[in-house]
Ligand code: FAD
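In full-length UniProt numbering, the protein residues as written are 1 to 487.
1. Mind checking which residues open and close the beta strand (DSSP E) that includes residue 379?
2. What are the start and end residues of the alpha helix (DSSP H) that includes residue 36?
3. Going by C-alpha distance, which of 248, 416, 332 is nearest residue 300?
4. Is the CB-CB distance between residue 133 and residue 454 below 8 Å?
5. Considering only C-alpha positions, which residue in the set 437, 398, 258, 26 is nearest to residue 470?
6. Taking the CB atoms as reference points, tell me whether residue 99 and residue 411 lie closer together than 8 Å.
7. How about residue 328 and residue 361: do their beta carbons lie closer than 8 Å?
8. Within its chain, find whatever has a CB closer than 6 Å to the CB of residue 363; leave out the 5 residues flanking it on each side and keep chain order.
9. Quick one: what does DSSP say residue 222 is sitting in, helix, strand or coil?
10. Run through the DSSP bridge pairs and tell me what residue 342 is partnered with.
11. What three-state label does DSSP hand residue 76 in the structure shown?
12. Which whole runs of the beta strand (DSSP E) in the stretch 148-214 are 3 residues long or more, in chain order?
13. Can you tell me whether DSSP reads residue 497 as helix, strand or coil?
14. Please work out which residues of its chain come closer than 7 Å, Cβ to Cβ, to residue 16, disregarding the five sequence neighbours upstream and downstream, and give them in chain order.
15. Return the residue from the list 430, 378, 449 that minimises the CA-CA distance to residue 193.
16. Can you check DSSP and say which residues form a bridge with residue 362?
17. Let me know the secondary structure DSSP gives residue 386 once reduced to three states.
18. Answer yes or no: the CB of residue 234 versus the heavy atoms of ligand 1, is any distance below 7 Å?
19. Tell me whether residue 113 counts as near ligand 1, meaning its Cβ is closer than 7 Å to at least one heavy atom of that ligand.
20. Using a threshold of 7 Å, is the CB atom of residue 391 nearer than that to any non-hydrogen atom of ligand 1?
21. In angstroms with no decimal places, state the Cα-to-Cα distance between residue 226 and residue 215.
22. Ligand 1 and residue 58: does the residue's C-beta get closer than 7 Å to at least one heavy atom of that ligand?
23. Using a Cβ distance threshold of 8 Å, determine whether the stretch 170-190 contacts the stretch 55-62, with at least three qualifying pairs required.
24. Decide if residue 14 is buried, meaning its Cβ has at least 16 other Cβ atoms within 10 Å, or exposed.
25. Using 8 Å as the threshold, is the C-beta distance between residue 70 and residue 137 below it?
26. Among all the DSSP beta bridges, which residues are the ones paired with residue 456?
27. Need the endpoints of the beta strand (DSSP E) that residue 144 sits in, please.
28. Could you compute how far the alpha carbon of residue 475 sits from the alpha carbon of residue 374?
29. Please tell me whether residue 106 and residue 415 are closer than 8 Å, where the distance is taken between their beta carbons.
30. Locate the alpha helix (DSSP H) running through residue 69, then write down its first and last residues.
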């Protein structure tokens, strides 16, 4: 059997696709595989079935079993329910890709736009138990053998993107990278809603859609949506990544899944005495890199020369010109050394996308969340359903690791909304239901969501313990969620 596999070029290409470790590599090998098998990924409705027929050997079959199991869920009505919908998803971050998968399973034609052309974020995301179960169901382990082995409950952002990108492509989602969404082209005459893109001659600019999902991250909020600012006390986050050479010595070092000052005052006092570093909390995960995220006190950053001058305005305080990069590297290095008991040998910073040591400082003083999760725009009788998912819906506080957990919940809720839209339910009802569900999102924890992970689906009732789909009434969404323009 093994010999037969290695001599079959399509099996070989499939194996390369499964193992590919960069976004470009995944896209290139996928396109070669399609070409070789003579299947057209633009034929999104029958692509997956044809691919399965033509890659009918044991290694591929184990993947199809997983994906089939998901696809056969009653919620998707065998891909019929959204067969007439065209969905544009902005952003190939984890939440955009996860949403795209659900929309494809509902049968929609899905195009994802991503302005970057590589996945380069080393930073590591904490996964709630349900997200691990969800990703296992999408064959994450097949694409990334180390996925959540043993007690591990985290993954680097780039690995997660790679897994989800591969699933997207197999399900017939078109993922366009290196193209930036710049706004909408409103319907005119026979054409429907389209996107203004950069570069402006990009073929995805011709795609006409009736659903637009923004998963553009914390700084991207499309026209029509308002954001609330939640201002807390000054919180300065530092992330850093060191090379993981996977040596025996590195394996011995224990992870820190989160120590907060209030629970371990001695640790933080000793850190301060030994190094001058004053932290509120610290997390250390051993993943593709050794990853640390910590919240540092302003006073110690000033004292250690990381921040040059004190300002009450957080933007000014953390502006690039006010940060001594060398001192920041030292600060992060020393904090990482101390918190791992000086046991990580030969610590060397991993590089970020710009080829620089991967250390960054972020301001969490002011977090944003969108006032509403959905909107309908109508122009010349053509309706566009809009939804927000991920960080552009609710910005997470990284040390708590809520980004993916709440991000995926919102992705499922959004898919549920698109399902109702596809079924032709009156749009005010669709929006009211989406807003009712959105009210729950910020309070979700692993404890208050259902524990029956295997039963999780896009149906909110399978995930939230107490969900009232009618807590927001249709008349309440009329003024904030619907933008008509008849001219
Ligand atoms: P993102 O992952 O931010 O993805 C948004 C995508 O949209 C990006 O790929 C972006 O390039 C693309 N995009 C934006 N605008 C456009 C446009 N106009 N056209 C086309 N594409 C566009 N969370 C943690 O828990 N721990 C961390 O250490 C951590 N580090 C992070 C570091 C950085 C630099 C960033 C940006 C985020 C970090 N996060 C971290 C947050 C975490 O990545 C997100 O919670 C998680 O990835 C889910 O986010 P998302 O998919 O909603 O958005």
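We put the CB at the ideal spot given by N, CA and C, even for glycine.
Well, looking at it:
1. In the DSSP assignment, residue 379 falls within the unbroken beta strand (DSSP E) covering 374-379.
2. Here the alpha helix (DSSP H) through residue 36 covers 23-37.
3. Minimum Cα distance to residue 300 is reached at 332.
4. Yes, the pair counts as a contact, with Cβ atoms nearer than the cut-off.
5. Selected option, being the one with the closest Cα: 437.
6. Result yes, Cβ atoms of residue 99 and residue 411 sit closer than 8 Å.
7. Going by C-beta atoms, residue 328 is nearer than 8 Å to residue 361.
8. Taken in chain order, the residues that qualify are 314, 318.
9. The three-state secondary structure of residue 222, taken from DSSP, is coil.
10. For residue 342, which the question treats as bridged, DSSP gives no partner whatsoever.
11. Annotated three-state conformation of residue 76 is helix, per DSSP.
12. List check, beta strand (DSSP E) in window: 154-156, 174-177, 180-185, 194-198, 211-214.
13. The question about residue 497 has no answer, for the chain in this structure spans 1 to 487.
14. Same-chain partners within the cutoff: 29.
15. Selected option, being the one with the closest Cα: 378.
16. Residue pairing for residue 362: DSSP places it in a beta bridge opposite 237.
17. If DSSP states are grouped into helix, strand and coil, residue 386 belongs with the strands.
18. No, Cβ of residue 234 sits at least 7 Å from all heavy atoms of ligand 1.
19. The nearest non-hydrogen atom of ligand 1 is less than 7 Å from the C-beta of residue 113.
20. Residue 391: yes, Cβ under 7 Å from ligand 1.
21. Between residue 226 and residue 215, the C-alpha separation is close to 15 Å.
22. No, since every heavy atom of ligand 1 falls outside the 7 Å radius drawn around the Cβ of residue 58.
23. Counting Cβ pairs under 8 Å, fewer than three are found: no touch.
24. With a threshold of 16 other beta carbon atoms within 10 Å, residue 14 meets it and is buried.
25. For the pair residue 70 and residue 137, the CB atoms are nearer than the 8 Å cut-off.
26. For residue 456, which the question treats as bridged, DSSP gives no partner whatsoever.
27. Counting along the chain, residue 144 falls outside any beta strand (DSSP E), and DSSP gives it neither H nor E.
28. Each residue's Cα considered, the two are about 15 Å apart.
29. Yes, these two residues count as a Cβ contact at 8 Å.
30. Per DSSP, residue 69 belongs to the alpha helix (DSSP H) from 58-71.
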